[in-house]
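All residue numbers for the sequence shown refer to our numbering, where the first residue is 2 and numbers rise by one. Quick reminder that beta carbons are idealized off the backbone N, C-alpha and C, glycines included. Take a look at the structure set out below.
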Amino acid sequence: MTLRSLLRWTAPLLLAASLHAHAQAQTTLRIGFQKSASLLTLQKSNGSLEKKLAPLGVSVKWVEFPAGPQLLEGLNVGAVDVGFVGEAPPIFAQAAGARFVYIGFDPAAPEAEAIVVPKDSTIKTVADLKGRKVALNKGSNVHYLLVKALEKQGLKPTDLQVVYLPPADARAAFERGAVDAWVIWDPFLAAVEQQSGARVLADGRGLVNNYAYYLAERSFAEKQPQVIQALFDDTQAQANWLKGNIKAAAAVIAPLQGLAPEVVEKSLTRYQFGVQPLTPAVAAEQQKIADTFHALGLIPKPIRVADALPGAAKVAEAAR
2 MTLRSLLRWT
12 APLLLAASLH
22 AHAQAQTTLR
32 IGFQKSASLL
42 TLQKSNGSLE
52 KKLAPLGVSV
62 KWVEFPAGPQ
72 LLEGLNVGAV
82 DVGFVGEAPP
92 IFAQAAGARF
102 VYIGFDPAAP
112 EAEAIVVPKD
122 STIKTVADLK
132 GRKVALNKGS
142 NVHYLLVKAL
152 EKQGLKPTDL
162 QVVYLPPADA
172 RAAFERGAVD
182 AWVIWDPFLA
192 AVEQQSGARV
202 LADGRGLVNN
212 YAYYLAERSF
222 AEKQPQVIQA
232 LFDDTQAQAN
242 WLKGNIKAAA
252 AVIAPLQGLA
262 PEVVEKSLTR
272 YQFGVQPLTP
282 AVAAEQQKIA
292 DTFHALGLIP
302 KPIRVADALP
312 GAAKVAEAAR
């Protein structure tokens, strides 16, 4: 084979390889996160994920959202590729037609969310909330906590005056007495406990699991498994360090969350941290939340959590 013919044969292959390498070099993992998500906040601050993904030619863009529902909207419109949220936001998002898949979860943390009242409130039990104003972030993980806490007392959300407010606005309303109770998660929970003496009526223990989920845009999850694996490897490494160094981790995270180190330290002790692959048992628990929300009219139609699991689209296609 002459040099000219060899070049004619190899040039297209070299061009394709070059284009592929260029495309890889341009890949960006866009992560939706909430400042309250302590582990991701730690990862963002120390650049560990960027170092982990550099050999793959992948950069990282961090996109902050005030809460899970807004993050899911960002995922749905293509603003982010991966996000981390509580139990309820994926239910509401799936009911609204959002396209995503569950790719992992954090262990249960029932103590990391609670219903609180002012320290001098006359409200002593969850049953006393009947007819009262209760603030929460609509569609967030605490939405399910309120439902289950009321259910235990034979009540429904319609027996209360539920006021939907994001955390910052809810804290202000709570402190000026515009609402009687607040359903909130850490670190906002630890902050209001330590800074205003708020009293816990009930946390998630015996009521809810309070899992947290890693979600991804479906096509990204299918096309970039190596990126997701690298994300999880780094997340687990950071989780291991955090759990063994809570005080040091709190010192790093506190200024980023705008909180005192002792507040962050308290909140960190109530989470387990450490991403795991989604199991059938955990998916079944998520289905219970979806069924409960539909029965209460909180979502307009029943959903199947299984439809948002990896591989669900291929299974559905094969069944046709």
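Residue i vs residue j beta-carbon contact at 8 Å
{"i": "K157", "j": "L166", "result": "no"}
{"i": "G1", "j": "G79", "result": "A query on residue 1 cannot be resolved here, the shown segment of the chain reaching from 2 to 321 and no further."}
{"i": "V276", "j": "Q288", "result": "no"}
{"i": "V86", "j": "A309", "result": "no"}
{"i": "D181", "j": "R219", "result": "no"}
{"i": "D82", "j": "F221", "result": "yes"}
{"i": "I254", "j": "V264", "result": "no"}
{"i": "T208", "j": "L146", "result": "In the sequence on display, residue 208 carries Leu and not Thr. Result yes, Cβ atoms of L208 and L146 sit closer than 8 Å."}
{"i": "S49", "j": "Q239", "result": "yes"}
{"i": "L40", "j": "V61", "result": "no"}
Buried versus exposed call for residue i [16 or more other C-beta atoms within 10 Å across all chains shown]
{"i": "T1", "result": "An answer regarding residue 1 cannot be provided, because it is not within the stretch 2 to 321 covered by the chain."}
{"i": "H23", "result": "Residue placement at H23 cannot be trusted, given a pLDDT of 37 that sits under 50; the coordinates are not used to answer."}
{"i": "D204", "result": "buried"}
{"i": "A296", "result": "exposed"}
{"i": "E194", "result": "buried"}
{"i": "G312", "result": "exposed"}
Given residue i as reference, the closest of the options once Cα atoms are compared
{"i": "P303", "options": "P311, A309, F294, L310", "result": "F294"}
{"i": "L190", "options": "I116, A284, K248, L299", "result": "I116"}
{"i": "Q154", "options": "P168, K139, T126", "result": "T126"}
{"i": "W183", "options": "Y212, E223, N138", "result": "N138"}
{"i": "Y212", "options": "E112, Q71, R100, L243", "result": "E112"}
{"i": "P256", "options": "V64, P188, A173, A174", "result": "P188"}
{"i": "A217", "options": "L269, A251, R100", "result": "R100"}
{"i": "I300", "options": "N210, L260, G140, G84", "result": "G140"}
{"i": "E114", "options": "A96, K267, L40", "result": "K267"}
{"i": "A285", "options": "A68, Q230, Q227, E88", "result": "E88"}
{"i": "V135", "options": "A38, I185, Q95", "result": "I185"}
Distance cut-off 7 Å: residue i Cβ against heavy atoms of the ligand MG
{"i": "R219", "result": "The model depicted lacks the ligand MG and carries no ligand whatsoever."}
Cross-strand partners of residue i (DSSP beta bridge)
{"i": "L30", "result": "V61"}
{"i": "K134", "result": "Q162"}
{"i": "R200", "result": "V118"}
{"i": "W186", "result": "E114"}
{"i": "E71", "result": "A small fix is needed here, since residue 71 is Gln in this sequence, not Glu. The partner list for Q71 (beta bridge, DSSP) is empty, contrary to what the question assumes."}
{"i": "D107", "result": "A213"}
So does the stretch 102-113 actually touch the stretch 158-178, counting three or more Cβ pairs closer than 8 Å? no
Should the stretch 106-126 be called in touch with the stretch 192-202, which here means at least 3 C-beta pairs below 8 Å? yes
Counting beta carbon pairs with one atom in the stretch 229-249 and one in the stretch 48-56, are three or more of them shorter than 8 Å? yes
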